[in-house]
Every structure is written in C-alpha cells, then in structure tokens.
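Those letters in the sequence shown? Residues -21 to -1, 1 to 466, per mature numbering (1 follows the signal peptide of the UniProt record, and there is no 0), in order.
Even glycine gets a Cβ: it sits at the ideal position worked out from N, Cα and C.
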Amino acid sequence: MNPKIWILFFLLLSFSSQSPAQPDVIEKEGNRPTIQKWELNSTFPGRRFEFLQLKGSARIGIDMADIVDEVALHNNMLKIQMNSSQRTTFELLKCNRPLFGIDVEANEATVLYLNGPWINHLIVLSKQRCLREDHEFFLSVKTTSAVNPTVASFSITSSKNIRTTPPKDGSKRDIIEVDKSNSTYLASLKNVIAYTRSKAINGSMIIAFDGLEMEKISFSKCGLLPKVIGLERKKVLAVEEDLLNYLDRLTHVFCDYDRNEGRVELTLQSASNCSNPCMGTIRFEYHDFSTLKEKLPGTIFTVIFIFIVSFCACCCCGCCREYMAKKTEMKRREAAGLDNPLDSDIIRMIDEANERDEEFRVRAKACQMIDEERHTNLDEKLKVFADVFNNATATRESVRNATRVINAGPDSDNIYESIPDLSEINLKHCSTAGLDKEKEMESHNTTSTSGAAPHVSRPTILDSVKWTVGAESVQINGDEEFESIDD
C-alpha cells in the first residue's frame, strides 16, 4: 500500500480523536481567558484543558466520574499532567475545599500519578453534590504574571500502572534523626499507617518529638502544596482520622523523581532560637491507649489511694461525732427523768425553757448595767448640789445653777452639760433598785447644829429644790426670788 495513504489515515484518526469542543462553564476571577477542552477517547478516557491568554486566575468545572470509574475498573492509575509558559498554580477543589495543589514552573511539564486511596476518595466525592455548584470538581488556575499572557494546559486521564519502589523493611515505626543541618526529611509511613488501621479501635498513630520543641510541621510530596500542622511545642501529637487519611493518600502520590511507596517529605519549623531544628529525634509509631492505665506512674495511684483513705477517715470521724452527740443527748434526757427520751414535745418544751432562761439572764444583765449607770449619775449630781450648799454664802445664782443640774434641762450651763439626765435612761423592764435609792435619799433629812454645814437631801421633784439649813427646811420652787440662805 502507498505510504502516503497510511500517513493520511493516521492524520485523520488523530484529528477525529482530538477535536476541539466548546469551553466548559468558567467562573471569572481575573481577565477572561480562552479555554479549549478536548475529550481524550483514543486509548484511555480523559480530558484536556488549554488556557490561552491567561492573566490572573481562571476557574473551570470538571466532570471526572467516568474517568475515576474507569481507573477503578481496570486497576489503573490516575495521571495528571500540567504545563505552563509562566509560573502557575493548579488546584483541584471540591465544594471550595482543596484536594491538592501544586506550583508548576515555567516551561516545565509536571506529571503526577495517583492510585490506591486516591481513587476511592475521588469516587466518593464525585457522588456528593455541593449547594451552589453543578459540577463534581473545579480546577483553579492562577498565574503570577499579570502583564504577560500565559498559556497553560491541564489533562487528567486513566493510565497504566508505573513501576514503584516498596519500602525496604517491614518496620511498624519510623525514627528520624534531626540535626541542625537540615529542616526537610523523608519519612516512610506505609507500614505504620497500615498497622494503625488494623488496630485503630484501641489506639492511633502518634508523632513523638524527643529533645525538640517544634512550632510547625508540614507534609508534602512531589511538589504538592504542603499541609501545615501547628504543634505549639507539643511533645506528642496524636494523629486524628482526617490527618491519617491525608497522609495515606499522600503516600500514594508518585512522580518521575519520587516513585517510593509510603514515603513523604517532612518539613520542620523549630520553636527554639535555632535557625533550623536542633538535635533530637522524631518517632512515627502506633500507640495503644488501652494499656495507658498499666503505664501510669505509681505516684498517681499512691495519691489516689491516699485521697480515698482520707475521705473514708473523714466520713468515719463525722459518723463518730454524730453518734457521741446522740449518746450525750440520750444521757441528758435520762438524767432529766424522762420516761420516753424520744418524746419530741417534752424535748421541745425543755429547749424553749432553756431559751427563756437565757433571755432572762441577758435582760437581767442589761438592767444591772443600767442601774449602775443611773447610780453613778445620781452621785455626780448630788455631789454638785452638796458643793453649792456646803458654802454658807451661797447666792441665788449658785442655787439656780444647782437646780439646773438636778433638772438637767435645756437651759443648764455649759459647765454642767456633761452630766447625764435621768430622763434619758430607759428604765423599762428593769428593777427598782435605783428608785429605792432615790426614796431613801429623799427621806434622809438629818438635823445639824448651827455651826455645821447644811445637809442636802435629793429632791423628788425635778422642777424644785429642797434643802435643810440648821433646824429649818427651805424649798424653792422654780426661779423663786431670794436674797440669801439666811433669808
């Protein structure tokens, strides 16, 4: 057959397999680019997108359920190929949450291969529907050049499996030696993750930092945008289910320069003053939390035991005190001659009588104090009155002042204002001892000789004054006028 016919046949076949179609729906985020989409159906199903005159960013919806179903059916790999004329960031999203992202350098083709948990994860997500999105997934493309237009391409297809490198050993833990020279390390997590999934009911995978104080730790592989985890100087980080699933998917990402199964890139940021992480180790291992009680220090059990013993001792002491109080009360009731010690009415009557006795004792004490104060006031007033009449030359003014002292009225002189008034003393509920003293003093009038000093008797009426001079008694009512005592 003529070779020209064969060449023409292959050209027609290539054009029929890659015919341009209408662009998919675009959500404009920058200048609107021209997007072309091809359906790749020649050998493996897939789709290819080209972004022409791209400035800023663009976003396009992708339906890839049939592609991932084909990959799962034939146990293939999912191949993602990206290229760009400028540095560009490609990001695959589901319901505005990123699944993975990668920075592609200018004119450098980047190829990723995904298998294992990635395929199952994409199948599950392809069946979920978002609230405001009609497409299964979205591809976001962002370029750093806002002046020069960028040409970028993105393709996703089903591909045959590539050769990968399994882990060298079957260890269920991985220990990384950290020094000051590096901040990026490689961790082999395939066996640790597999063992953790088989024992996930009783424990989880942990990341232990020995001799290190880490601020952040990030995981990546094949240039994917890293996932950063804040540590806040924790010594042990328990890996939760979401992070464990992410690490499992990350170990099943392959590229041309890294085809190692279960290996991820680890980047550390120290919390100390070192520019790079200091000396120490990082351990990835499974931890069984069901044996935590057996590993607790003995001091904790000792503290708990002492606390229980102390609590029991306090309870016993309280019960003993209550028993002794009841026993004493029983004896007191028996001594009181009660036939029935538990008779509540008799007990209540005894308690009320005791309360009344106590109230009477308090009231009697208060009355005694009032009587003492009143006697003191009487003595002070009588002393002033006697001082006046002991003077044989007493004048009308001095007698009047003495009368004011006895009366303790509002017109008394300033010199006698400090002497309290009997009317200010509350004699309610008190004894009559003070009044008896007043009566005794009132009835006490002794006749003196002509040369002796006059004897003063306490007046019983506060608005009058009565005294005895020699053998005669004189009484002055109010402000009665007189010249002298002799008058």
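Inter-residue spacing [alpha-carbon to alpha-carbon] between residue i and residue j
i           : j    : result
residue 470 : G35  : No statement about residue 470 is possible, as the shown extent of the chain runs from -21 to 466 and does not include it.
E29         : A44  : 20 Å
C298        : I329 : 26 Å
K214        : I196 : 12 Å
L57         : I81  : 16 Å
T175        : Y265 : 6 Å
V243        : F290 : 54 Å
G149        : D189 : 23 Å
V341        : A332 : 14 Å
H231        : P146 : 12 Å
K169        : D227 : 7 Å
T246        : S137 : 32 Å
G388        : I349 : Below a pLDDT of 50, predicted positions are generally treated as unreliable, and G388, at 45, falls in that range; no measurement from the model is reported.
Q248        : V207 : 10 Å
I154        : N161 : 16 Å
Y302        : E308 : 10 Å
A345        : K305 : 35 Å
A412        : E352 : Since pLDDT at A412 reaches only 43, below the 50 mark, its modelled position is unreliable, and no value is offered.
G241        : L203 : 15 Å
K178        : I279 : 28 Å
D48         : Q32  : 33 Å
E192        : Q107 : 41 Å
A173        : P205 : 22 Å
R327        : D336 : 14 Å
T122        : V171 : 38 Å
Closest by C-alpha distance to residue i, when choosing among the options
i    : options                : result
L52  : N99, L118, L91, V288   : N99
K13  : S150, K139, S132, H231 : With the sequence shown as reference, residue 13 is identified as Thr, and Lys is not the correct amino acid for it. The shortest C-alpha separation from T13 is found at S132.
E18  : I46, Q347, Q32, K206   : I46
D42  : S105, F198, C294       : S105
G95  : R76, E87, R108, N54    : N54
L110 : V103, N75, A345, C294  : N75
K151 : K159, K139, A166       : A166
Y236 : Q347, A173, T143, K121 : T143
D158 : I180, T122, M258       : M258
P24  : K139, A37, E87         : K139
Where residue i sits in the DSSP three-state scheme
i    : result
P24  : coil
I186 : strand
D237 : strand
M309 : helix
P77  : strand
G202 : coil
D48  : helix
H100 : helix
T89  : strand
D148 : coil
N333 : helix
R212 : coil
I287 : helix
Q347 : helix
D158 : coil
V125 : It is Ala, not Val, that sits at residue 125 in the sequence shown. Residue state, collapsed to three classes: coil.
R108 : coil
V207 : strand
E40  : Correcting the residue type first, residue 40 is Gly in the shown sequence and not Glu. Reduced to three states, the DSSP call for G40 is strand.
V171 : helix
M56  : strand
G259 : strand
K416 : Bear in mind that a pLDDT of 45 at K416, under 50, signals an unreliable position, so the model cannot answer this.
E219 : coil
I180 : coil
I279 : helix
Residues near residue i in its chain [Cβ-Cβ closer than 7 Å; skip 5 each side]
i    : result
E338 : none
S183 : T175, A217, V218, H266
A85  : S63, S64, Q65, R66
E156 : T260
L229 : F198, K200, V243
Cβ neighbours of residue i in the same chain (closer than 8 Å, five flanking residues each side left out)
i    : result
I141 : M56, Y92, F233, R238
E72  : The sequence given here has Leu at residue 72, not Glu. For L72, where only same-chain residues beyond five positions count, the Cβ hits under 8 Å are L78, F116, F117, L118, S119.
G209 : E194, K195
E334 : none
Interface flag, residue i vs chain B, CB-CB below 9 Å
i   : result
F28 : The displayed structure is made up of one protein chain only, and chain B is not part of it.
Residues near residue i in its chain [Cβ-Cβ closer than 6 Å; skip 5 each side]
i    : result
M61  : F69, V83, T89, F133
A187 : V215, R262
I59  : L91, I135
Y164 : I155, L245
V50  : L57, I98, S137
I102 : V47
Segment contact, 8 Å Cβ cut-off, at least three pairs: the stretch 119 to 129 with the stretch 219 to 226 = no
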